[in-house]
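Each step along the sequence shown adds one to the number in UniProt numbering, with nothing skipped, and position 236 is 236.
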Amino acid sequence: MVEVKFHDIGEGMNEGEIIHFFVKVGDEVTVDQPLVELQTDKMVAEIPSPAAGKISKIRYQTGEVVTVGTGIIEIDDEKEHAVEEVQQGKPVQEQGTMEQEPVVQNVQKRHHRILAAPFTRKIAREHDVDIEQIQGTGPARRVTDEDVYRFIETGSLAAADETPEQPIEPDTIAYTGMRKKIGDNLTKAITTIPHVTHFDEADLTKILAFRNELKQEGESISVVAFFLKAITIALKEHRVFNAKLDQENSVIQLLKHYHIGIATNTEKGLVVPVLRNVDKKSIRQINTEMKALTKKAQDGKLTTGDMKDGTFTISNVGPLGGMGATPIINGLQTAIIAFHKTKKTPVVMDNDEIAIRQIMTMSLSFDHRVADGVASVEFTNRFIELMENPKKLLLEMV
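Next up, the structure:
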């Protein structure tokens, strides 16, 4: 008799769970034929037969945990019988010949090998589920906890199988015309200009109060008109942001006109009509012309002349929401500023009192080849100063 033990296979484990027997009592086995499969903490291991013979005893059942050194199976290698038969005067070869037929059948019979963690097997046992009836959906067809629970829930093998997901054809939008033009321009800008984005915020409480006073007096002025005027004043003082980089001649052109592009969302996509010579116009004029340009954009009536020669761009996305973004510079310009959502925010004032203020966030993207971070901070600081002190803005009127 040969005792088959759970021996140390060099993985430092102390015990393993019996997850499958490849043989049963009475089976004939050959040397190295897999007998039992065990799950350790690190791997699934098969224990092969150390000798040829007949399985005479299996000491444990599937699911039981055994320690290293434990004898699991006994194989009758017939040596003892041979001795007995010899002692009794019976030819050993004759007895062996009679039992060769079932040997072939038993060796060919192999059980379906199931990969699953011990805990998964435990779940199956506790619910009286034969884990071999479950088709695994994990790596290498490993049965997962979810596979077992799904099987328990549906109660059928078919339901446990993964139903192949049918491909769903997506809806499509033609990437042509204006959409493609916008995409091409943005791709060129983001891949050729080293963008840097500077974030800041401004307290609009006073300018919004001033705007409301004007409204009560019958003068409806968009807050964007104030933005445009303040930006233009800041651009005149920080000309590097109203510039164009001429790489061919290795110069930065400081432009002397202030044509401000206004990023406008339309049904056909983003367009940027240009309000020309903003520095020479009053806030009222800016407001009137800006609204006319926006309407032309919404009606799809912008001409080529309405959208050329911009020197700086603003994007007012605040009414749509959002706290920040990294706008992409438009064309050959140096910078673009985006105005984001304005909301009531508790602010610690100079006298250490807390007050509710209308705070707007904004982001300035600029070409780092033309301008540096310090210049961007100085530029936005000036814009903030003008927006937070309407009287200073009025002093700059031409």
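Where a beta carbon is used, it is the ideal one built from N, C-alpha and C, also for glycine.
Flag this pair as yes or no: are the beta carbons of residue 55 and residue 23 separated by less than 8 Å?
Within the sequence shown, the letter at position 55 stands for residue 55. Within the sequence shown, the letter at position 23 stands for residue 23. It is a contact, given that the beta carbons lie within the stated cut-off.
State the DSSP-derived secondary structure class of residue 197, mapped to helix, strand or coil.
Position 197 of the sequence shown, counted from the first residue, corresponds to residue 197. Note: residue 197 maps to strand in three-state DSSP.
Of the residues 46, 261, 235, 243, which one's Cα is nearest the Cα of residue 19?
As a first step, residue 19 must be located in the sequence shown, where it is residue number 19. Here the closest residue by C-alpha is 46.
Which full runs of the beta strand (DSSP E) of 3+ residues lie inside the segment 243-299, going along the chain?
Listed in chain order, the complete beta strand (DSSP E) runs (minimum 3 residues) inside the segment 243-299 are 243-246, 251-254, 260-262, 264-266, 269-271.
Within 10 angstroms of the Cβ of residue 356, are there 16 or more other Cβ atoms? Answer buried if so, exposed if not.
Locating residue 356 in the sequence shown gives position 356, counting from the first residue. Residue 356 comes out exposed.
Take residue 262 as the anchor and find which of 254, 271, 255 has the nearest alpha-carbon.
Sequence index remark: in the sequence shown, residue 262 carries index 262 (1-based). Per the Cα distances, 271.
Give the DSSP-derived three-state secondary structure of residue 133 in the structure shown.
Taking the first residue of the sequence shown as 1, we reach residue 133 at position 133. It is helical.
Under a Cβ-count criterion, where at least 16 other Cβ atoms within 10 Å of its own Cβ denotes burial, should residue 189 be classed as buried or exposed?
Position 189 of the sequence shown, counted from the first residue, corresponds to residue 189. Classification of residue 189: buried, given that the 10 Å Cβ count is 16 or more.
What's the call for residue 127, buried or exposed, on a 16-neighbour Cβ count within 10 Å?
Along the sequence shown, one-based indexing puts residue 127 at 127. By the neighbour-count rule (16 or more Cβ atoms within 10 Å), residue 127 is not buried but exposed.
For residue 175, does the count of other Cβ atoms within 10 angstroms reach 16, so buried, or fall short, so exposed?
Reading the sequence shown from its first residue, position 175 is the one you call residue 175. Exposed: under 16 other Cβ atoms inside 10 Å.
Tell me the DSSP bridge mates of residue 66?
In the sequence shown, residue 66 corresponds to position 66, counting from 1. DSSP, once it has assigned bridges, lists 16 as partnering residue 66.
Terminal residues of the continuous alpha helix (DSSP H) containing residue 152?
Locating residue 152 in the sequence shown gives position 152, counting from the first residue. That run of the alpha helix (DSSP H) goes 145-154.
Just to check my reading of the structure: residue 260 and residue 314 have Cβ atoms closer than 8 Å, yes? What is that Cβ distance to the nearest angstrom?
By one-based count along the sequence shown, residue 260 stands at place 260. By one-based count along the sequence shown, residue 314 stands at place 314. Correct: roughly 6 Å between the Cβ atoms.
What's the call for residue 170, buried or exposed, on a 16-neighbour Cβ count within 10 Å?
Sequence index remark: in the sequence shown, residue 170 carries index 170 (1-based). The residue in question, residue 170, is exposed, as its Cβ has fewer than 16 Cβ neighbours within 10 Å.
Which same chain residues, not among the five before or five after residue 376, have their C-beta less than 6 Å away from its C-beta?
Stepping through the sequence shown from its first residue, residue 376 is reached at position 376. Only 198, 364, 366 meet the Cβ criterion.
Using a threshold of 8 Å, state whether the C-beta atoms of residue 196 and residue 324 are closer than that.
For the purposes of this step, residue 196 is identified with residue 196 of the sequence shown, where counting begins at 1. For the purposes of this step, residue 324 is identified with residue 324 of the sequence shown, where counting begins at 1. Their beta carbons are not under 8 Å apart, which means residue 196 does not touch residue 324 by this criterion.
Over the uninterrupted alpha helix (DSSP H) stretch that includes residue 177, give me the two end residues.
Residue mapping note: residue 177 aligns to position 177 of the sequence shown, counting from 1. Start and end: 177-192.
So residue 387 is in the alpha helix (DSSP H); what residue range does that whole segment cover?
Residue 387 sits at position 387 when you count from the first residue of the sequence shown. Residues 373-388.
Cα separation between residue 297 and residue 237?
As a working mapping, residue 297 is identified with position 297 in the sequence shown. As a working mapping, residue 237 is identified with position 237 in the sequence shown. Those two C-alpha atoms are separated by around 30 Å.
Looking at the structure shown, is residue 94 part of a helix, part of a strand, or coil, going by DSSP?
Position 94 of the sequence shown holds residue 94. Only weak support exists for where residue 94 lies, its pLDDT of 42 falling under 50; the coordinates are left without a value.
With DSSP as the reference, please indicate the residues paired to residue 206 in a beta bridge.
Position 206 of the sequence shown, counting from 1, holds the residue named residue 206. None, per the DSSP bridge assignment.
Going by alpha carbons, who is nearest to residue 203 out of 347, 182, 167?
In the sequence shown, the residue the question calls residue 203 occupies position 203. Of the listed residues, the one whose Cα sits closest to residue 203 is 347.
Report all residues from its chain with a CB closer than 8 Å to the CB of residue 286; omit the five preceding and five following residues, and keep chain order.
Translated into the one-based positions of the sequence shown, residue 286 becomes position 286. Closer than 8 Å at the Cβ level, and outside the excluded window around residue 286, lie 225, 228, 229, 275, 278.
Three-state secondary structure (DSSP) at residue 409?
A query on residue 409 cannot be resolved here, the shown segment of the chain reaching from 1 to 398 and no further.
What did DSSP end up calling residue 329 once you bin it into helix, strand or coil?
Looking up residue 329 in the sequence shown gives position 329. Three-state result, residue 329: coil.
What does the alpha-carbon distance come out to for the pair residue 179 and residue 186?
For the purposes of this step, residue 179 is identified with residue 179 of the sequence shown, where counting begins at 1. For the purposes of this step, residue 186 is identified with residue 186 of the sequence shown, where counting begins at 1. Straight-line Cα distance between these residues: approximately 11 Å.
Let me confirm a value: residue 235 is counted as buried when at least 16 other C-beta atoms fall within 10 Å, else exposed. Which label applies?
Residue 235 sits at position 235 when you count from the first residue of the sequence shown. With 16 or more Cβ atoms within 10 Å of its Cβ, residue 235 is classed as buried.
Hey, residue 264 and residue 273 are a contact pair by Cβ (cut 8 Å); roughly how many whole angstroms apart?
Position 264 of the sequence shown, counting from 1, holds the residue named residue 264. Position 273 of the sequence shown, counting from 1, holds the residue named residue 273. Indeed, because the Cβ distance is near 6 Å, the residues count as touching under 8 Å.
Would you report the Cα separation of residue 51 and residue 114, rounded to the nearest angstrom?
For the purposes of this step, residue 51 is taken as residue 51 along the sequence shown, with counting starting at 1. For the purposes of this step, residue 114 is taken as residue 114 along the sequence shown, with counting starting at 1. Answer to the nearest angstrom: the Cα atoms are 25 Å apart.
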